[in-house]
Every structure is written in C-alpha cells, then in structure tokens.
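In my numbering, the protein residues as written are 40 to 334.
Laid out in structure tokens, this is it:
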C-alpha cells in the first residue's frame with residue numbers, strides 16, 4: 040500500500056484526525072495532464088483535499104470539489120469517493136508562476152478572487168452543495184474555511200507537496216483535524232499550538248514520515264484510537280459505453296452533422312486523458328439505436 044489514508048479519533052471523542060500520503064496518485068494524474076510545476080502543485084493539493092473529503096463519506100457516496108479563480112489556471116475539478124478513489128484536472132495545465140522568493144505561486148495561478156464549491160452525492164434526490172469565496176487560493180485554507188462556514192465544523196487542514204527540479208512529485212499528502220461537537224475551546228487552542236510548532240508538512244512527507252507517525256505528532260499527549268487504514272488510488276469512471284450515452288444525448292441531428300462535417304468524432308476524457316474515437320459507421324450505429332429506442 041503506497042498511497043493510503045488513516046483515520047483516528049481521540050478516546051474522549053473530542054477530536055478526529057485524517058492523514059494521507061498521495062504521492063503516487065498525484066504524480067500519475069499530473070503526468071497524464073502534462074502539468075507544469077505550478078499547475079502540478081495546485082492540482083496535487085486539490086487532489087489531496089478531495090481525498091480527505093471523500094474519506095469522510097459513507098459507502099457509495101461521492102464528492103466533487105470545484106476551485107474557480109480569476110487566474111490563468113481558471114479552475115481545478117476533483118471527484119472522490121468513499122472507497123479512496125480520486126480523479127481530477129486543471130483548467131490550464133501549462134501554467135507555471137513563481138513568487139518573489141522563488142516558490143511555486145499557486146494563489147496567483149488560481150487567482151485571488153473566486154469560489155470553492157463542494158458537492159456531495161449522499162444518495163438523496165438532490166446532491167448537497169456548499170460554496171464559499173476563496174480565502175487564500177492556496178487550497179488548504181480554502182477547504183478549512185468551507186468546513187467552518189458551510190458545515191460548521193472547526194477544522195485545521197494541512198496540505199503540501201514536494202516537487203523536484205524536473206517537475207516530478209516526490210512527496211504529497213495532507214491532514215485534516217476536526218473538533219467534534221460539543222466543541223471544547225481549550226482543545227482547539229491546544230491543537231492550534233501543536234500545529235504551529237510542527238515542522239513543515241512538506242518536510243515531514245519528504246523525510247518519509249508515515250500517516251501513522253504524523254497522527255502521533257498531531258495528537259501527541261492525547262489518547263486516541265486508530266480506526267482505519269485505507270488504500271488510495273487514481274481511478275476514472277469513463278468508458279466507451281458512457282461516452283456513447285453522451286453522444287446519444289446530443290440527438291440525431293448533431294450526430295448526422297458530425298458524420299457529414301468530420302467523418303466521425305473524437306472524445307477525450309477531461310479527467311484521465313483517454314481518447315475515444317468514433318468513425319462514421321460507429322455514429323450511424325448510434326443513430327439507428329436512437330431510432331429504435333421506444334418513445
């Protein structure tokens with residue numbers, strides 16, 4: 040198990056902690072999209088954020104995070120589920136911006152003005168949606184703000200990555216600490232102090248600290264139980280059958296236009312980059328299926 044997440048809770052029930060390592064899935068997804076370093080950092084952080092949010096769901100539930108800003112990245116879209124599967128893409132993968140001190144400038148790349156929208160498919164008639172304005176556009180703080188404002192859960196989020204000179208990702212991961220109602224202000228103060236004294240998360244991850252060891256640092260002095268260890272992986276739900284359903288939904292006129300003007304259709308999945316090709320006979324078959332469909 041290379042990438043994985045652990046979940047722990049204080050024996051008192053006052054604090055819960057999620058910690059994950061996402062290095063391989065971030066590297067895999069960013070390679071698929073050909074991201075430049077700043078886009079890699081932004082997409083990597085958002086993938087970790089989605090992983091942490093997905094881990095809070097019940098079996099069969101899904102969540103989607105959409106970061107939209109006024110910067111050149113335009114948007115970051117992430118989908119994750121309760122089983123540890125995550126996928127995502129960035130609006131423009133070829134963005135690379137550095138701050139004055141030479142650091143990867145994710146806030147400027149995403150844009151200081153914009154919104155984070157979180158949707159949750161909880162198996163109800165309509166998905167739950169919550170939206171907050173971007174706070175720092177650095178991803179972790181924006182997710183923490185969403186959890187506090189939209190879900191009223193005091194939360195601390197840490198997300199980081201280590202990107203080499205050649206653009207490869209050699210460490211990525213994050214943590215989510217939450218105070219469980221009824222909230223004890225003293226517990227929150229203690230957690231804030233502890234987080235402030237920790238070494239940088241990127242340094243912990245790059246030095247090989249495991250999620251279990253990071254939980255120990257976060258909850259030092261607080262008796263806790265380790266509840267779960269969950270494997271994480273990039274998976275995409277796209278398939279030829281799903282793409283065909285999308286094409287069918289476009290109607291016979293649009294399909295006929297594709298045959299006449301383009302001699303077929305090329306569809307690329309935004310999440311994984313997989314290409315699906317349909318020649319004229321393929322589209323003719325879809326038109327026949329639509330004509331035979333009842334109603």
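The beta carbon of each residue, even a glycine, is placed where N, CA and C say it ideally should be.
Just so you know, these numbers come straight off a predicted model, no measurement behind them.
With DSSP collapsed to three states, give me the class of residue 329. In the three-state DSSP reduction, residue 329 falls in the helix class (H, G or I).
What residue range is occupied by the uninterrupted alpha helix (DSSP H) comprising residue 81? For residue 81, the enclosing alpha helix (DSSP H) covers residues 76-93.
When the Cα atoms are used, what is the spatial distance from residue 159 to residue 89? Each residue's Cα considered, the two are about 11 Å apart.
Residue range of the beta strand (DSSP E) that residue 198 falls in? Here the beta strand (DSSP E) through residue 198 covers 194-202.
Where residue 135 falls: helix, strand or coil (DSSP): In the three-state DSSP reduction, residue 135 falls in the coil class, being neither helix nor strand.
Close-in-space but distant-in-sequence residues of the same chain around residue 172 (CB under 7 Å, 5 per side omitted): Excluding positions up to five away in sequence, the list reads 154.
Excluding the 5 residues flanking residue 309 on each side, which residues of the same chain have their C-beta closer than 7 Å to its C-beta? Around residue 309: 128.
I believe residue 83 touches residue 200 by the beta-carbon criterion, under 8 Å. Please report the beta-carbon distance rounded to the nearest angstrom. With a Cβ gap of about 5 Å, residue 83 and residue 200 count as contacting.
Tell me where the beta strand (DSSP E) around residue 299 begins and ends. First-last for residue 299: 291-301, but that is the alpha helix (DSSP H), not the beta strand (DSSP E).
Report buried or exposed for residue 60, applying the criterion of at least 16 other Cβ atoms within 10 angstroms of its Cβ. In summary, residue 60 is buried, with 16 or more beta-carbon neighbours lying within 10 Å of its beta-carbon over all protein chains present.
As assigned by DSSP and simplified to three states, the class of residue 147: For residue 147, the secondary structure class from DSSP, reduced to helix, strand or coil, is helix.
Comparing C-alpha positions only, which one of 41, 42 and 46 sits nearest to residue 266? Restricting attention to 41, 42 and 46, the CA atom closest to the CA of residue 266 is found in 46.
Residue 59: first and last residue of the uninterrupted beta strand (DSSP E) it sits in: Taken as a continuous stretch (DSSP letters only), the beta strand (DSSP E) holding residue 59 covers 54-60.
Exposure label - residue 107; buried when at least 16 CB within 10 Å: Classification of residue 107: buried, given that the 10 Å Cβ count is 16 or more.
For the beta strand (DSSP E) containing residue 288, name the first residue and the last one. According to the DSSP assignment, residue 288 belongs to no beta strand (DSSP E) but to the alpha helix (DSSP H) extending over 279-288.
Closest Cα partner of residue 224 within the set 192, 112, 283 and 165: Selected option, being the one with the closest Cα: 192.
Do you know offhand how far residue 330's Cα is from residue 151's? About 49 Å.
What is the C-beta distance between residue 87 and residue 198, in whole angstroms, given that I count them as a contact (C-beta under 8 Å)? With a Cβ gap of about 5 Å, residue 87 and residue 198 count as contacting.
Should residue 286 be labelled buried (16 or more other beta-carbon atoms within 10 Å of its own) or exposed? A residue is called buried once 16 or more other Cβ atoms fall within 10 Å of its Cβ, and residue 286 is buried on that count.
Tell me the DSSP secondary structure of residue 231 in three-state form. In the displayed model, residue 231 falls within a helix according to three-state DSSP.
Tell me whether residue 268 sits in a helix, a strand or coil according to DSSP, three-state version. Strand at residue 268.
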